[in-house]
Amino acid sequence: MSRCIDLAKQAADIGEVPVGALIIDSQGQIISQAYNLRESQQVATAHAELIAIEQACKSLSRWRLQDCTLYVTLEPCFMCAGAIILARIPRVVFAAHDPKAGAAGSLAHVLDDSRLNHKCDIVTGVCAEESSVLLKSFFKMRRKK
1 MSRCIDLAKQ
11 AADIGEVPVG
21 ALIIDSQGQI
31 ISQAYNLRES
41 QQVATAHAEL
51 IAIEQACKSL
61 SRWRLQDCTL
71 YVTLEPCFMC
81 AGAIILARIP
91 RVVFAAHDPK
101 AGAAGSLAHV
111 LDDSRLNHKC
121 DIVTGVCAEE
131 SSVLLKSFFK
141 MRRKK
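Once you know that position 39 of the sequence shown is 39 in the UniProt record's numbering, the rest is easy, because the numbers rise by one and skip nothing.
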């Protein structure tokens, strides 16, 4: 998760919401890593998770990421949770909960909804304080501008 925090800091440095994500394979090797790029690219879907998933699919030449783990500094939103399910990622580790948009426990339980054809194991709270402070600091500075 420390690498995700570093990615989130890179996002903040360029004026993006500080969210970082990476995907590792079953051997623990990083396959992809990304941070938010919505402002830079002016694309609503340029969330860290979606960019990391796309990169991982290209890297592995397949859309099923059934032997991978996604690490992310903020609870996935509904859009990202849907992509995680569709990519068949079995395990998601996230740092901070997102009470306004989180779809992995805060507002909904998309990632472990038994009605869907795929469910994820979810680990929360890893480096949560550091991620939360980074996000709060970013938005505090943004409000001052």
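For glycine and all other residues, C-beta sits at the position ideal for the given N, C-alpha and C.
Supposed close pair residue i, residue j - CB separation, criterion 8 Å
i	j	result
Y35	Q55	Between Q55 and Y35 the Cβ distance is about 12 Å, and since that is not below 8 Å, they are no contact.
A104	I122	6 Å
S106	D98	6 Å
L65	I51	Going by Cβ atoms, the distance from L65 to I51 rounds to 14 Å, so no, they are not a contact pair.
S40	E16	6 Å
V72	A48	6 Å
C68	I24	6 Å
C120	I89	6 Å
N-terminal and C-terminal residue of the beta strand (DSSP E) that residue i is part of
i	result
L22	20-24
residue 154	The chain is shown from 1 up to 145; residue 154 falls before or after that span and cannot be answered.
D98	From DSSP, D98 is part of no beta strand (DSSP E); its letter is neither H nor E.
V123	121-124
Residue span of the alpha helix (DSSP H) that contains residue i, given as start and end
i	result
D13	2-13
L37	It is not in any alpha helix (DSSP H) - L37 carries neither H nor E in the DSSP assignment.
A81	78-86
A133	Just to set this straight, residue 133 is Val in the shown sequence, not Ala. Counting along the chain, the alpha helix (DSSP H) containing V133 begins and ends at 128-144.
Reduced DSSP secondary structure (H/G/I, E/B, other) of residue i
i	result
D113	coil
S106	coil
S59	helix
I31	strand
L74	strand
Could you say if the segment 78-93 and the segment 114-132 meet the contact criterion of at least three C-beta pairs nearer than 8 Å? yes
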